[in-house]
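Q:
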Amino acid sequence: MHFQTNSNGNRPSNGRVPEYAESLRGNEDSIIDPNGSHGPSLDFPKRPAYGFKGDNVLLWANYTEICLKSDIVLYRYAISVDPEAQGKKAAQVIKLYLDNSHFDDFRQDIVTDFRSTILSIQNLPTIGPVTITYRAEDEDVPRKHAKIYTINLSRISPLPVEDLKKYLVSKNPSAVYSYKDEMVQALNILINYYSKTNSNSVAVGTRKVFDRNRASSCDLRGGLKAMRGFYASIRLATSRLLVNVNITHAVFYKEASLFILANAYYTRKGKNLQNLQMFLKRLRVRLTHLKPENNEGKCVSRVKTIFGLATDEDGKNLGRGRQPEVPHLGANSKEVKFWWSKEGEKRYISVYDYFLQEHKKTLNEPNAPVVNVGTLENPTYLPLETCVVLPNQVARTKLDGDQVDTMIQFSVKGRLPAINARDIEEDGFRSVGLSSNNTSLVRSPFSTSPGLIAVPGRTLATPKVIYYSGRELSVSNGGWDLRSVRFSKSGSKKDWAFVVINTTGTNELTSDRIKKFKTEFKNELVNNGVAHHPPKILKKEIFDVVVPKDIEGISEDIFKDAAKKNIFLVVFILPLKIPSDQYNYIKKLGDIKYGIATICMDGKHEPTAQYLANITMKFNLKMGGNNQFVNLKETSLNFDETMIVGIDVTHPATGSSTEAPSIAGMVASVDASLGQWPAVIRRQVKKGKEMVTELDKMLSSRLKVWNERRRSYPNNILVYRDGVSEGQFKKVLEEELPLLRKACRELYPASQQKKGLPRISVIIVVKRHHTRFYLTKDPTQDDKKDDKKDDKKENLNPQPGTVVDRGVTEARNWDFFLQAHYAIQGTARPIHYFVVHDEIFREMKPRAAANNLEDLTHRLSYIYGRATRAVSVCTPAYYADLVCDRARCYPDTTDIHKNLETCMFYI
């Protein structure tokens with residue numbers, strides 16, 4: 001299979017005129033279902049119409065179109081390997097299998113994902129089980145006692161390309177292609193096969209590729225580096241097939257001596273052996289003390305995978321007298337001893353003495369830990385200095401603050417949209433195989449002419465942001481000025497206190513700085529119209545700590561005193577540097593144990609008006625106030641009868657404890673102002689589970705809060721569901737929607753239920769995707785000026801409020817991309833909103849339904865209560881994300897204190 005390409009390669013940077021074909025627009029319009037968003041309960045609602053509100057704008061999208069050929073069938077085969085192999089070993093087993101003579105006549109027509117699937121454009125003959133003796137990639141013959149694998153190939157339903165083509169060009173709103181997901185998966189295997197077999201490429205996962213020779217990189221210190229590469233994925237759109245190509249970044253281990261790498265990490269991360277073990281686990285290394293040669297006289301790499309450091313749990317199953325002697329985790333080469341038998345001699349020998357005796361090698365770093373490259377049951381120990389880290393290994397480890405800053409500087413800052421768009425066209429298409437240099441395949445079901453596509457967008461009108469007494473603020477680039485502005489509604493006058501936790505030395509807060517914090521904060525409360533009592537005095541106002549750990553005991557005393565005095569909120573001024581563990585402890589005491597809201601001011605910040613205004617916004621929200629609102633009348637929904645819900649699920653971060661749970665968070669509005677969003681948190685019953693398991697109980701708690709305030713239940717429940725991967729959309733309907741309905745059945749009066757209430761709509765919020773849009777013309781440039789612009793100064797990000805529902809979407813789905821915010825740096829990432837269930841908007845006229853949902857979602861990006869600018873993701877989803885972040889402060893429980901159940905404690 002071979003990608004046919006046209007060499008003219010017109011690109012935006014070459015002056016190509018952007019154009020969106022009217023035929024495409026006509027096809028999109030003709031597919032719209034006249035029945036609007038009605039549909040079977042387990043089908044996604046059809047798009048009622050395309051939106052038309054806003055100023056039209058033509059954009060580049062980081063997609064390229066590919067043309068399908070009709071006369072090709074993709075034959076699919078499932079690979080089974082026994083015993084099971086994983087990762088790079090599985091890939092090598094499949095390579096050895098495909099080198100079998102059975103495939104001599106078909107090899108140029110075959111591609112694979114090197115995991116579970118083979119594709120061919122020829123129908124392969126029946127092949128029985130094949131036995132493979134494993135050998136490494138650079139070995140001529142298998143080693144002695146090499147593992148033997150049995151490979152079986154089984155046929156899966158073939159995929160005629162003609163069926164996909166018919167579906168794409170069909171104008172029938174109800175057209176269905178039953179093998180859509182399977183075909184997309186197959187085409188992704190096909191398109192990413194190039195990067196997996198090109199010797200100059202490093203394939204990461206299924207869809208990312210990094211050029212070994214040309215990829216930009218950045219030193220992150222601590223044994224790590226960042227690299228820039230490209231992502232490629234097949235996407236279906238109305239009447240055409242697209243490939244989404246985007247810039248991507250990944251963190252890699254540096255290629256170095258294992259001793260140098262481990263020492264760089266160990267010294268940077270506080271000399272913690274447990275963390276070092278997690279950092280090194282599954283790292284592949286080449287042994288330097290063994291030098292066998294293959295038939296060509298080349299050195300064969302002896303490669304091992306690190307299981308961990310030496311530990312006293314190693315080899316327990318071997319029994320007394322055979323178990324290795326390891327005094328502690330991370331023991332060194334002189335401390336670790338194993339049972340050794342040679343020429344009748346049996347005894348324990350240290351790793352150090354073994355290398356001296358057997359390899360005539362005196363270790364230079366005898367005090368360094370040794371690594372186990374075997375298993376827990378059958379350990380094999382190696383000194384760090386005898387191993388070299390293999391290149392191009394992805395590091396799935398948590399970065400520290402400085403590394404994150406460096407990563408952002410490398411991946412975002414200075415990477416204006418014009419630069420990214422240029423790199424995609426000049427390097428991205430080539431790297432993923434969408435160019436004439438892809439000669440690894442002979443035939444292909446499609447051809448391509450790489451170049452960004454143009455798509456139509458619209459810039460929605462900026463909503464009016466309203467504060468106290470209906471004062472409307474001027475919005476520019478999605479932001480506004482809060483100076484001398486009173487919040488729309490002040491919170492309750494509840495008792496609160498100021499507390500300073502101070503340290504001595506370089507991180508000490510001076511008395512003048514503390515005084516300025518307090519004085520300026522009180523001034524901001526007055527300036528923003530926040531009604532408040534003077535702060536209560538606790539036993540002490542300033543607490544001195546010697547070491548960060550002291551903060552825990554001091555915090556406990558502070559909360560005990562505050563609880564006795566019925567204080568609702570404590571404002572902490574913390575030292576210039578405080579470990580996250582101590583911050584988390586304060587939040588746990590406040591949220592869980594004592595039921596006292598908390599605000600933590602960071603002593604590293606100057607007490608400027610801007611910083612303290614942000615604290616004031618949090619203060620007012622925690623006290624039950626409302627900072628700003630927007631006019632929602634134009635959205636045609638009655639928000640006295642509509643509750644908006646945000647839901648998110650977050651999973652443990654890379655490098656987190658294996659005990660860390662997945663967390664579900666929910667927020668919900670309580671009145672028409674959409675100012676207060678109390679929250680509820682639940683631990684997922686299973687780590688990594690995306691579907692919320694106690695959703696009925698969570699929604700029930702939010703409905704009860706609504707009912708307590710309004711003496712009724714909402715007629716409409718509009719859900720923005722974050723944290724769902726694209727392949728899980730259907731499960732939201734199958735697993736979560738029934739739980740939402742269950743909660744309503746148990747609470748709503750029969751009279752409302754008979755009327756079909758409440759009406760429920762569910763919109764998926766997709767943040768992690770690779771679609772990007774670029775202006776086709778810099779709005780700061782006058783038409784009469786020279787078009788030759790310095791792309792270092794050119795910002796091609798669309799304007800805030802840009803919505804795209806054509807060009808890169810399917811007419812039979814109801815979805816749209818919305819960039820509500822102004823991107824301060826880098827390329828703006830729009831949010832993808834996908835309607836999976838609708839009972840609310842289908843009551844409107846089709847064109848109104850499309851416009852109202854887009855407009856409402858846009859307006860909801862302007863009510864985020866702790867910012868004076870539109871946020872990238874609509875506020876309900878953003879708040880749900882904050883709730884999940886807060887829950888990470890206390891992973892062993894989610895039982896928020898009853899005092900805070902109706903408070904925005906998480907803000």
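For the sequence shown, position 94 (counting from the first letter as 1) is numbered 94 according to this note's numbering, and the numbering increases by one without interruption. No residue lacks a Cβ here, since even glycine has one placed at the ideal position from N, Cα and C. Quick caveat: nothing in here was measured; it's all calculated off a predicted structure.
1) What did DSSP end up calling residue 339 once you bin it into helix, strand or coil?
2) Which residue marks the beginning of the beta strand (DSSP E) containing residue 648, and which one marks its end?
3) Tell me whether residue 249 is buried or exposed, calling it buried when 16 or more other Cβ atoms sit within 10 Å of its Cβ.
4) What residue range does the alpha helix (DSSP H) around residue 745 cover?
5) Would you call the segment 415-423 and the segment 171-187 touching, i.e. three or more CB-CB distances under 8 Å?
6) Mapping the DSSP letters down to three states, classify residue 393 as helix, strand or coil.
7) Below 8 Å between beta carbons: does that hold for residue 820 and residue 861?
8) Which word fits residue 709, buried or exposed, when buried means at least 16 other C-beta atoms lie within 10 angstroms of its C-beta?
9) Write down every uninterrupted run of the beta strand (DSSP E) in the segment 238-287 whose length is 3 residues or greater and which is fully enclosed by it, in chain order.
10) At a cut of 8 Å, does the segment 618-628 reach the segment 859-875 through at least three beta carbon pairs?
11) Between the segment 640-649 and the segment 719-728, are three or more C-beta pairs nearer than 8 Å?
12) Note down, in chain order, each residue of its chain lying with its Cβ closer than 7 Å to the Cβ of residue 131, except the 5 sequence neighbours on either side.
13) Based on the DSSP secondary-structure assignment, which residues constitute the bridge partners of residue 832?
14) Mark residue 855 as exposed unless 16 or more other C-beta atoms lie within 10 angstroms of its C-beta, in which case mark it buried.
15) Buried or exposed: residue 622, going by 16 or more other Cβ atoms within 10 Å of its Cβ?
16) What's the C-alpha gap between residue 270 and residue 310?
17) How close, in whole Å, do the beta carbons of residue 839 and residue 761 come, if the pair is a contact with beta carbons under 8 Å?
18) Spell out a yes or no on whether the segment 373-389 and the segment 350-361 are touching, meaning 3 or more CB-CB pairs, one atom from each, closer than 8 Å.
19) Taking a contact to mean a Cβ-Cβ separation below 8 Å, would you say residue 807 touches residue 858 in this structure?
20) Can you name the start and end residues of the alpha helix (DSSP H) that residue 552 belongs to?
21) For the segment 157-239, which segments carrying the beta strand (DSSP E) assignment without a break, of at least 3 residues, lie completely within its bounds, in sequence order?
22) From which residue to which residue does the beta strand (DSSP E) around residue 30 run?
23) Please go through the same chain and pick out, in chain order, the residues whose beta-carbon is closer than 6 Å to the beta-carbon of residue 123, but skip the five residues on each side of it.
24) Report the partner residues of residue 496 according to the DSSP bridge assignment.
25) Taking DSSP as the reference, what is the three-state secondary structure of residue 472?
26) Alpha carbons only, please: which of 651, 394, 494 and 562 is nearest the one belonging to residue 684?
27) So, does the segment 223-233 touch the segment 198-215, judging by three or more C-beta pairs under 8 Å?
28) Throw me the rounded Cβ distance for the residue 810 and residue 237 pair, which I believe falls under 8 Å.
29) In three-state terms, what does DSSP make of residue 595?
30) Could you tell me which of 812, 637, 876 and 907 sits nearest to residue 843, measuring between CA atoms?
31) Quick check on the burial criterion: 16 or more other C-beta atoms within 10 angstroms. Buried or exposed for residue 736?
32) Kindly indicate which three-state DSSP category residue 383 falls into: helix, strand or coil?
33) Whole angstroms are fine: how far does the CA of residue 745 sit from the CA of residue 168?
34) Which residues does DSSP list as the beta-bridge partners of residue 325?
35) If you count every other CB in all the chains shown that lies within 10 Å of the CB of residue 113, and 16 or more means buried, which is it?
36) What are the start and end residues of the beta strand (DSSP E) that includes residue 457?
A: Taking the coordinates as given:
1) Looking at residue 339 - three-state DSSP - the assignment turns out to be strand.
2) First-last of the beta strand (DSSP E) with residue 648: 642-650.
3) Residue 249 sits buried, since 16 or more C-beta atoms from the chains shown fall within 10 Å of its C-beta.
4) 737-747
5) No: the two stretches stay apart, fewer than three of their Cβ pairs being nearer than 8 Å.
6) Coil, per DSSP.
7) yes
8) exposed
9) 240-253 and 284-287
10) yes
11) yes
12) 148 and 150
13) 766 and 817
14) With 16 or more other Cβ atoms within 10 Å, it is buried.
15) Burial call: buried.
16) Each residue's Cα considered, the two are about 19 Å apart.
17) 6 Å
18) yes
19) no
20) If you look at residue 552, you'll find it in the alpha helix (DSSP H) that goes 550-564.
21) 201-204, 208-211, 217-221 and 224-237
22) Per DSSP, residue 30 lies in no beta strand (DSSP E); the unbroken alpha helix (DSSP H) holding it starts and ends at 22-31.
23) Taken in chain order, the residues that qualify are 75.
24) Bridge pairing for residue 496: 569 [DSSP].
25) strand
26) Measuring C-alpha to C-alpha distances from residue 684 to each of 651, 394, 494 and 562 identifies 651 as the nearest.
27) yes
28) 6 Å
29) coil
30) 637
31) buried
32) Three-state DSSP puts residue 383 in a strand.
33) Those two C-alpha atoms are separated by around 41 Å.
34) 337
35) buried
36) 453-459
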